[in-house]
Amino acid sequence: GLLRLFQDLKALHIDAFADLHNVLRSKVVRTLFALSGKKTAFVDKGRAEKAALTRAENKNFKPLTTMFERHANVFEQLGFTIDLSNPTFPEKAVLSNDILKRLVGNEKIPDFSGIKIGIAPFAQYDSKVYPLDLMQEVVNKLAEKKGNKILLFGGGKKEIELLDSLSKNNENVMVVAGKLQFKQELQLISNLDVMLSMDSGNAHIAAMLGVKVITLWGATHPFAGFSPFNQPMENALVSDRNLYPKLPTSVYGNKMVEGYEEAMRTILPSEVVARL
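Taken in order, the sequence shown gives residues 304 to 579; the numbers are from my numbering.
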């Protein structure tokens, strides 16, 4: 259990313990290290501030400290200065012929020139997913420009079926899901010109690879501090709070408020296309 974990970590002769989770289990291990004389620091998740941002009444609607800054603060407490103002990112990966062939499902190497637009239309919770009929409009409009290459990301049988439907009748729209290994997907994402994503992991992966990311927000909001790294606020398209004043209703999207199911329809496909 946790005692065994502590003993295994202690055997590594660590100098300090950075608790970036700050939950019961990590607190136990952190306390054991503190009692053994090691320097420790833990993240302030700003739980009270997030509760004030997402409550239905008397909302404190303002941008909170980002999780990147909160994590950096932990390391600063331990003596490590981290400057997030001028980040460097990996170089674009060289795409192998194998990756390109897998995308089209045959031995012919496809033309991969032009503007490469990734779209990750899914998220863990429905409250964060842009309506698929509107996403279809976005895909169709982007596909009108034949120089565009639209790459659809997702995973699992159900999502792949939905992505196949989104790509239908558009030669320059390709479903990535189910065709590549994870490492290959990362290499592909690094070559995108832009990624369109929900408030989900794909947004963060693309951002950490130095890709421009446009995010769509429903029940959640970038003010909570979970927007992708190094992306300007104008890259976040949010649902209309004039029509849905209780937004954001949740930090993680796991709470759906009755009557707010259609909130993301206030983000127009034309707005999305224009931002891309």
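A virtual CB, placed ideally from N, CA and C, is assigned to each residue, including glycine.
A quick note: this is a predicted structure, and the numbers were derived from the prediction, not measured.
Simplified DSSP assignment, three categories, for residue i
{"i": "N400", "result": "helix"}
{"i": "D322", "result": "strand"}
{"i": "M498", "result": "strand"}
{"i": "A359", "result": "coil"}
{"i": "I570", "result": "coil"}
{"i": "I385", "result": "coil"}
{"i": "A314", "result": "coil"}
{"i": "D347", "result": "coil"}
{"i": "T369", "result": "coil"}
{"i": "T391", "result": "coil"}
{"i": "N376", "result": "helix"}
{"i": "P525", "result": "helix"}
{"i": "K558", "result": "coil"}
{"i": "N533", "result": "coil"}
{"i": "V637", "result": "For the chain, the structure presents residues 304 to 579; residue 637 sits outside this window and is missing."}
{"i": "L512", "result": "coil"}
{"i": "K330", "result": "helix"}
{"i": "E564", "result": "coil"}
Counted within 10 angstroms of its Cβ, other Cβ atoms place residue i as buried (16 or more) or exposed
{"i": "F456", "result": "buried"}
{"i": "N475", "result": "buried"}
{"i": "L387", "result": "exposed"}
{"i": "Q310", "result": "exposed"}
{"i": "E488", "result": "buried"}
{"i": "D318", "result": "exposed"}
{"i": "V397", "result": "exposed"}
{"i": "L327", "result": "exposed"}
{"i": "L550", "result": "buried"}
{"i": "P572", "result": "buried"}
{"i": "Q484", "result": "exposed"}
{"i": "R307", "result": "exposed"}
{"i": "L315", "result": "exposed"}
{"i": "R333", "result": "buried"}
{"i": "L579", "result": "buried"}
{"i": "D414", "result": "exposed"}
{"i": "A426", "result": "buried"}
For residue i: DSSP bridge partner residues
{"i": "M477", "result": "L454"}
{"i": "A423", "result": "S500"}
{"i": "L540", "result": "L519"}
{"i": "K342", "result": "A319"}
{"i": "I418", "result": "N451"}
Limits of the alpha helix (DSSP H) - the one that residue i falls within
{"i": "F546", "result": "Note that residue 546 is Leu in the sequence shown, not Phe. First-last for L546: undefined, no H or E at that position."}
{"i": "F485", "result": "485–492"}
{"i": "S468", "result": "460–470"}
{"i": "L437", "result": "435–446"}
| said: Does the structure place the region 399–409 close enough to the region 528–545 that three or more beta carbon pairs sit under 8 Å? | reply: No contact exists between the region 528–545 and the region 399–409.
| field | Stretch pair the region 444–452 + the region 516–529: three plus CB contacts closer than 8 Å | value | Contact between the region 444–452 and the region 516–529 is absent, with fewer than three C-beta pairs closer than 8 Å.
| Should the region 411–421 be called in touch with the region 496–515, which here means at least 3 C-beta pairs below 8 Å? | Segments in contact, yes.
| message | Across the region 481–497 and the region 375–382, are there enough close Cβ pairs to call them in contact, namely three or more that are closer than 8 Å? | response | No, they do not touch.
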